[in-house]
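Q: One structure is given below, represented as structure tokens, and several questions about it will come after.
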Amino acid sequence: MRKPTDPGRVLCVGVAVLDNMFAIDHFPAEPTKVFARNFRQVGGGPAANAAVTIARLGGKVSLWARVGDDGIGAGVIAELSHYKVDTSTIRRVPGRRTGVSAVMVDENGERFIIAFADRELDADPSWLPSQLPDEIDTVLCDVRWPAASEKVLRMALENRIPSVLDADLTNDDAVERLIGLSSHAVFSAPALRRLAATDDIEGGLRAAQSQTRGTVSVTLGADGFAWLEHGEVRRIRAFPIEAVDTLAAGDVFHGAFALALAEGHSTESAGQFAGAAAALKCTRWGGRAGIPTREELDEFITEKA
915 MRKPTDPGRV LCVGVAVLDN MFAIDHFPAE PTKVFARNFR QVGGGPAANA AVTIARLGGK
975 VSLWARVGDD GIGAGVIAEL SHYKVDTSTI RRVPGRRTGV SAVMVDENGE RFIIAFADRE
1035 LDADPSWLPS QLPDEIDTVL CDVRWPAASE KVLRMALENR IPSVLDADLT NDDAVERLIG
1095 LSSHAVFSAP ALRRLAATDD IEGGLRAAQS QTRGTVSVTL GADGFAWLEH GEVRRIRAFP
1155 IEAVDTLAAG DVFHGAFALA LAEGHSTESA GQFAGAAAAL KCTRWGGRAG IPTREELDEF
1215 ITEKA
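Numbering (my numbering), first residue to last: 915 to 1219.
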């Protein structure tokens, strides 16, 4: 049994990619050449960024993922290891390419992303362990590798381990397939809108709740965080900041949220903690490179109290 002083232990499942970031003044209105003010290569991917967040905030974390057997994949794994993420269950698929993206970030911190994912990167999760690691407190799954997420969410459900679903937009029915398996489904606003066919937050949450016995919630960017509790909509305000880069902010929220659950926090407390982590990240340029440490986050929360 985990002691209160022990670090939270989280298993993350999903994708790991490489982001090529370009800082620009504004998005062009028509086809043209744009000169960047800054450039950075940094690892990305929802589950991978969440894993780094957990490690930076003092948790113990493993990532189950797959990459290509190219140099990019080797670099992605090396960076994750540098952050003290357990990468022993990341598979390098022979003959396949690691996912990459071009990310343009404007002066307001908003982003435009072009992503490439190798369609032949083996999606079969049968090679993954048939049991969860010992002493796992929480699992977190993204929707970019739904077959693996389904497998792990089912194992978590069978073992009564809390699970977080990063319910983001997809081009398939992954969210609909996975929501009922998770104990905590955290939607992006666009994904909730698509699921419920409404812009109304309360209506969207109630539509999502009809598909699961777990807790449903939604991240709202500058408008904070909302969730259903005992049939009522609850809300947390966002921390006031000047955003310079929103890349990975949602992933940071999910990672911090999962760690907070692993440490025994309620949905409200986890949402406040995660919101602070995401807000602080947005004040720093560089995607994953802006993820705060636990000490930095505690100081930020104290300053904003």
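No residue lacks a Cβ here, since even glycine has one placed at the ideal position from N, Cα and C. Since the structure is predicted, the reported quantities are computational estimates derived from the model, not experimental observations.
(1) Given that a residue counts as buried once 16 or more other Cβ atoms are within 10 Å of its Cβ, and exposed if not, what is A962?
(2) So, are the CB atoms of G1201 and V990 less than 9 Å apart?
(3) Going by the beta-carbon positions, is the gap between V981 and V999 smaller than 9 Å?
(4) Taking the alpha carbon of N1085 as the point to measure from, which residue in V1132, L1071, A1105 has its own alpha carbon closest?
(5) For N934, collect the residues of the same chain with a Cβ closer than 6 Å to its Cβ; drop the 5 residues on either side in sequence, then sort them by chain order.
(6) Answer with buried or exposed for T1133, where buried requires no fewer than 16 other C-beta atoms within 10 angstroms of its C-beta.
(7) So, is Q1186 buried or exposed, given that buried needs 16 or more other C-beta atoms within 10 angstroms?
(8) Using the Cβ count rule (16 or more neighbours within 10 Å means buried), how would you classify S902?
(9) What are the start and end residues of each continuous beta strand (DSSP E) run of 3 or more residues lying completely inside the segment 1007-1061, in chain order?
(10) Under 9 Å, Cβ to Cβ, is there at least one residue of chain D near A1192?
(11) As an exercise, report each continuous beta strand (DSSP E) stretch of at least 3 residues that is fully enclosed by the segment 1087-1112, in chain order.
(12) Near D984, which residues of its chain fall below 7 Å by C-beta distance, leaving aside the five closest residues on each side in sequence?
(13) Which residues in the same chain as T1001 place their Cβ atom closer than 7 Å to its Cβ, once the five residues preceding and following it in sequence are excluded?
A: Working from what's here:
(1) buried
(2) no
(3) no
(4) A1105
(5) Q955, A1016
(6) buried
(7) buried
(8) Outside the displayed span of the chain (915 to 1219) sits residue 902, for which this structure offers no information.
(9) 1014-1019, 1025-1030, 1052-1055
(10) Looking at the structure shown, chain D is missing, and only one protein chain is on hand.
(11) 1098-1102
(12) R1011, T1012
(13) L977, I991, L994, S995
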